[in-house]
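For the record, the sequence lines run as chains R and L. Sequential numbering from 1 applies to the first sequence in this note's numbering. Sequential numbering from 335 applies to the second sequence in this note's numbering. Backbone N, C-alpha and C fix where the C-beta goes; we use that ideal spot for every residue, glycine too. First up is the structure itself, then whatever we jot down about it.
Protein chains: 2
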Amino acid sequence: MTDSRQPTLEEVARLAGVGRGTASRVVNGSEHVSPHTRDAVERAVRELGYVPNQAARALRTRRTDTVALVIAEDEERVFAEPFFAGLVRGISRAVDATSRRLVLSMVPDESHLDRLGQFLTPQHVDGVMVVSMHDALSLPESPDLPIVHVGRPRDAGACYVDVDNLGGARQAVDHIIGRGRQRIACITGPQDLASGRDRLEGYREALAAAGLPFEERLVEAGDFSDASGVRGTAALVERCPDLDAIFAANDVMALGAMRELARRGLRVPEDVAVVGFDGSPAAAASTPVLTTVHQPLAELGTTAVEVLAHRIDDPGAEVRSVVLPAELRAGESA
Amino acid sequence: MTDSRQPTLEEVARLAGVGRGTASRVVNGSEHVSPHTRDAVERAVRELGYVPNQAARALRTRRTDTVALVIAEDEERVFAEPFFAGLVRGISRAVDATSRRLVLSMVPDESHLDRLGQFLTPQHVDGVMVVSMHDALSLPESPDLPIVHVGRPRDAGACYVDVDNLGGARQAVDHIIGRGRQRIACITGPQDLASGRDRLEGYREALAAAGLPFEERLVEAGDFSDASGVRGTAALVERCPDLDAIFAANDVMALGAMRELARRGLRVPEDVAVVGFDGSPAAAASTPVLTTVHQPLAELGTTAVEVLAHRIDDPGAEVRSVVLPAELRAGESA
DNA sequence: TTGTAGGCGTTATCAG
DNA sequence: CTGATAACGCCTACAA
């Protein structure tokens with residue numbers, strides 16, 4: 001009873017009483033086919049459980065209907081950083097809504113770049129999305145292969161989608177200033193990352209715009225990790241006991257900061273207001289007193305997929321990057 | 335200068351001054367080719383930067399050199415549960431060492447099963463690894479497609495790799511008994527999961543072997559989440575103030591238990607010993623007083639890949655499942 | 001050991 | 001609107 005072999009287009013055509021070409025047209029949704037014929041073919045397709053042979057199609061069309069998401073990070077961190085969960089979810093969903101498939105590649109270290117380079121060719125994928133936490137790692141780009149970076153890359157000419165890190169950070173700091181805070185500290189993100197740099201810059205700009213001085217002693221270097229949030233807070237509080245607010249470049253650090261403040265008997269937000277730049281909505285939800293700048297990760301993913309699709313379907317088009325606005329979400333305010 | 339198109343085997347053959355067939359044999363590492371010719375072809379391959387066209391090869395050989403890892407879980411949980419990080423890492427590494435590629439698919443809900451079913455065919459992949467947290471979800475299996483389950487599935491005849499949940503749990507409880515504890519409580523895992531059931535069974539067996547009674551009131555149902563660890567502990571302590579140990583079916587719950595115990599002024603391990611079944615080595619490391627049964631996730635992944643490769647390369651072979659031993663890691667003891 | 005040729009399942013072109 | 005008919009790039013008998 002089981003034929004074991006998948007049915008071919010030839011068999012569909014035969015069963016429908018049409019030629020192979022016509023069957024192909026129906027399967028590919030061509031306009032130029034009579035309703036009657038279309039119907040017959042579609043019935044045959046269903047009856048036989050026909051599914052197009054991907055290999056044959058790819059061989060013929062030189063398209064793979066596959067896009068890659070390259071995460072230039074070790075699995076460990078990929079799973080640890082809430083940032084990736086949201087992003088992958090968004091991208092995954094968006095690609096699902098497409099006729100394309102998504103393959104996920106993590107690149108733990110440079111030794112894997114060769115293998116990856118062989119894979120990232122028009123022969124295997126139609127396009128690539130790259131999210132890298134380090135500016136450093138540059139992967140072997142195949143010409144003729146559309147690439148969209150998630151997060152602004154070092155290469156200024158490259159196509160990317162990103163959240164408005166600068167504007168978001170400025171909003172965050174504006175907000176605390178508006179609540180009457182004057183001595184606002186900052187725990188930065190890694191400075192080899194555009195997001196890290198931009199969020200620090202936003203902090204500066206907000207201070208400047210309000211006529212507040214930028215003070216080195218109110219700034220601590222962090223790396224987006226919980227530990228660095230704790231460490232930075234400890235250092236800041238010891239150095240400037242009179243600070244009345246902390247802007248952390250992401251929520252993970254902000255939460256670390258809140259724990260450390262609590263440990264020292266300082267109350268949030270009464271004594272010290274805290275605002276973070278959001279990597280995950282969950283963090284904000286779990287601590288209503290935390291005001292955060294919401295980073296729309298899912299939307300970022302969706303956008304990345306859209307932009308990539310656009311570049312794939314219309315190779316001649318101009319390269320357009322997209323920057324999404326970041327949105328302030330005030331918790332119990334300070 | 336750039337040819338833009340990838341070179342074909344034909345061109346390699348021409349440059350090497352041999353026939354297409356011979357070039358193919360060299361590329362595929364056939365024995366029957368003279369060292370001289372082989373050398374010429376290899377040089378041509380390098381010079382042209384030839385890389386075999388996957389589609390053409392797949393079309394011809396009916397093999398894809400691709401294996402799928404299906405995680406029957408929402409992205410959210412996949413990234414939240416430390417279990418998956420270790421597993422994916424192990425599998426990823428193991429596949430990398432192969433000539434095959436890995437594609438990762440998460441299945442948030444049943445609505446995605448159709449799409450997945452279309453993908454999980456010999457036409458797209460050579461084999462599949464499935465890790466599911468629920469017994470319920472059964473994916474549409476394509477005949478002729480080797481499947482290896484990670485974690486014992488409901489279907490008893492299926493091929494799987496797993497950790498010795500029962501033995502591990504028994505070891506854990508044995509260990510606390512050996513340290514003189516008498517009233518040992520258990521926070522179980524979800525009972526619709528083999529791992530959950532087996533670990534509870536191990537707990538029973540250890541008690542029985544030691545002549546200790548199994549008491550319902552010493553058992554609380556958990557679901558592997560931190561919250562359920564906290565909740566279960568609270569319930570247990572209130573119900574049985576005299577308990578002197580807790581066995582939690584995973585580390586996440588064990589850590590939750592420890593927090594709850596601390597909150598109630600109970601000391602670990604002086605007042606109450608805690609031992610967990612380990613999803614992630616990190617948990618054990620972060621709390622030296624926690625004794626855990628180590629679940630070798632990376633090795634589990636490696637084994638899954640090996641078993642799958644075996645089944646792919648030797649389709650006639652008997653289906654053999656593998657159960658890995660679990661290893662006790664004693665923290666500062668009770 | 002090596003070359004030649006047929007065909008894997010599709011799509012695209014080109015007549016009808 | 002439809003049906004033949006070439007490729008797409010590769011592997012693998014088969015013949016030399």
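Proximity test, Cβ basis, 8 Å: residue i and chain R
i	result
arginine 423/L	yes
methionine 463/L	no
alanine 389/L	yes
methionine 440/L	yes
leucine 447/L	no
alanine 350/L	no
valine 586/L	no
alanine 419/L	yes
valine 385/L	yes
glutamine 525/L	no
glutamate 516/L	Here residue 516/L is glutamine; the residue named in the question, glutamate, does not match the sequence. Judged by the 8 Å Cβ criterion, glutamine 516/L is not in contact with chain R.
phenylalanine 581/L	no
glutamine 505/L	no
phenylalanine 413/L	yes
Chain L within 8 Å of residue i, Cβ atoms only
i	result
threonine 121/R	yes
glutamate 216/R	no
phenylalanine 224/R	no
glutamine 118/R	yes
leucine 59/R	yes
valine 33/R	no
histidine 124/R	yes
glutamate 75/R	yes
valine 95/R	no
serine 92/R	yes
glutamine 295/R	no
valine 323/R	no
valine 103/R	yes
Residue environment, residue i, which counts as buried when at least 16 other CB atoms sit within 10 Å
i	result
aspartate 223/R	buried
glutamate 594/L	buried
aspartate 251/R	buried
glutamine 516/L	exposed
glutamate 81/R	buried
asparagine 53/R	buried
glutamine 525/L	exposed
alanine 172/R	buried
proline 480/L	buried
aspartate 576/L	exposed
histidine 628/L	buried
phenylalanine 214/R	exposed
glycine 420/L	buried
alanine 651/L	exposed
alanine 208/R	exposed
serine 368/L	exposed
valine 319/R	exposed
C-alpha distance - residue i paired with residue j, whole-angstrom precision
i	j	result
alanine 544/L	isoleucine 511/L	8 Å
arginine 100/R	leucine 343/L	28 Å
proline 442/L	alanine 406/L	7 Å
alanine 389/L	arginine 62/R	9 Å
histidine 446/L	arginine 263/R	46 Å
methionine 592/L	alanine 582/L	10 Å
glutamate 11/R	arginine 486/L	40 Å
threonine 2/R	arginine 348/L	Residue placement at threonine 2/R cannot be trusted, given a pLDDT of 47 that sits under 50; the coordinates are not used to answer.
serine 562/L	leucine 255/R	22 Å
arginine 170/R	arginine 77/R	28 Å
alanine 206/R	aspartate 174/R	6 Å
alanine 660/L	alanine 617/L	16 Å
arginine 423/L	glycine 530/L	23 Å
Whole-number beta carbon distance between residue j and residue i, since they are thought to touch under 8 Å
i	j	result
threonine 637/L	valine 656/L	5 Å
arginine 329/R	threonine 287/R	Contact flag wrong, Cβ pair sits at about 12 Å.
valine 103/R	alanine 68/R	5 Å
phenylalanine 413/L	phenylalanine 84/R	7 Å
aspartate 560/L	methionine 587/L	7 Å
Which residue spans inside the region 578 to 658 of chain L form an unbroken alpha helix (DSSP H) run of at least 4?
585 to 597, 615 to 620, 631 to 647
Identify every run of the beta strand (DSSP E) within the region 67 to 127 of chain R, keeping only runs that are complete inside it and at least 3 residues long; order them along the chain.
Annotation: the region 67 to 127 of chain R contains the following complete segments of the beta strand (DSSP E) (minimum length 3 residues), in chain order: 101 to 106.
Within the region 355 to 407 of chain L, ranges of the alpha helix (DSSP H) (whole runs, at least 4 residues)
Entirely contained in the region 355 to 407 of chain L, the alpha helix (DSSP H) runs reaching 4 residues are, in chain order, 369 to 382, 388 to 395.
In chain order, which continuous runs of the beta strand (DSSP E) of length 3 or greater are located wholly inside the region 510 to 545 of chain L?
518 to 521
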